[in-house]
Amino acid sequence: VQLQASGGGLVQAGGSLRLSCAASGNTFSINVMGWYRQAPGKQRELVASVTSGGTTTYADSVRGRFTLSRDNAKNTVYLQMNSLKPEDTAVYYCNAPPFGFRGYHSWGQGTQVTVSS
Numbered sequence: 004v005q006l007q008a009s010g011g012g013l014v015q016a017g018g019s020l021r022l023s024c025a026a027s028g029n030t031f032s033i034n035v036m037g038w039y040r041q042a043p044g045k046q047r048e049l050v051a052s053v054t055s056g057g058t059t060t061y062a063d064s065v066r067g068r069f070t071l072s073r074d075n076a077k078n079t080v081y082l083q084m085n086s087l088k089p090e091d092t093a094v095y096y097c098n099a100p101p102f103g104f105r106g107y108h109s110w111g112q113g114t115q116v117t118v119s120s
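Per the working numbering, residue 4 is the first one in the sequence shown, and the count goes up by one each step.
If you want it as structure tokens, here you go:
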């Protein structure tokens with residue numbers, strides 16, 4: 004499985020950004036897809052995830068501001084980030100956790116999100 008992330012950039016506080024992550028390869032080995040982020044000096048943390056059935060989970064810090072959606076036909080997930088805060092600044096990583104015969108995490112390349120105050 005390969006994950007290709009896009010989006011990100013620099014935005015002022017209160018602004019919005021949209022991240023996309025497209026999966027290719029053995030996509031039938033994917034159930035959950037999601038986004039993690041890692042800020043300088045901090046551990047990588049789960050931001051949001053969505054199952055193939057559309058069930059979503061969010062970190063408390065982003066709930067109500069971020070929306071994760073999924074297009075199964077395109078094997079793509081979208082993270083709409085609104086009301087961004089400086090503390091959202093991080094490198095964001097697309098992720099597909101182990102599922103079926105794929106017993107490992109698949110990661111996309113990181114994309115930088117910077118929110119200026």
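We treat Cβ as the ideally placed atom computed from N, Cα and C, and that holds for glycine.
T59 and V53 have their C-alpha atoms spaced approximately 4 Å apart.
Closest in alpha carbon position to K88, among Y107, R68 and L82, is R68. Setting aside the 5 residues that flank it on each side, R47 is surrounded in the same chain by Y39 and Q41, each with a C-beta closer than 6 Å to its C-beta; the list follows chain order.
Residue pairing by DSSP places Q41 opposite V94 in a beta bridge. DSSP links R105 through a beta bridge to F102.
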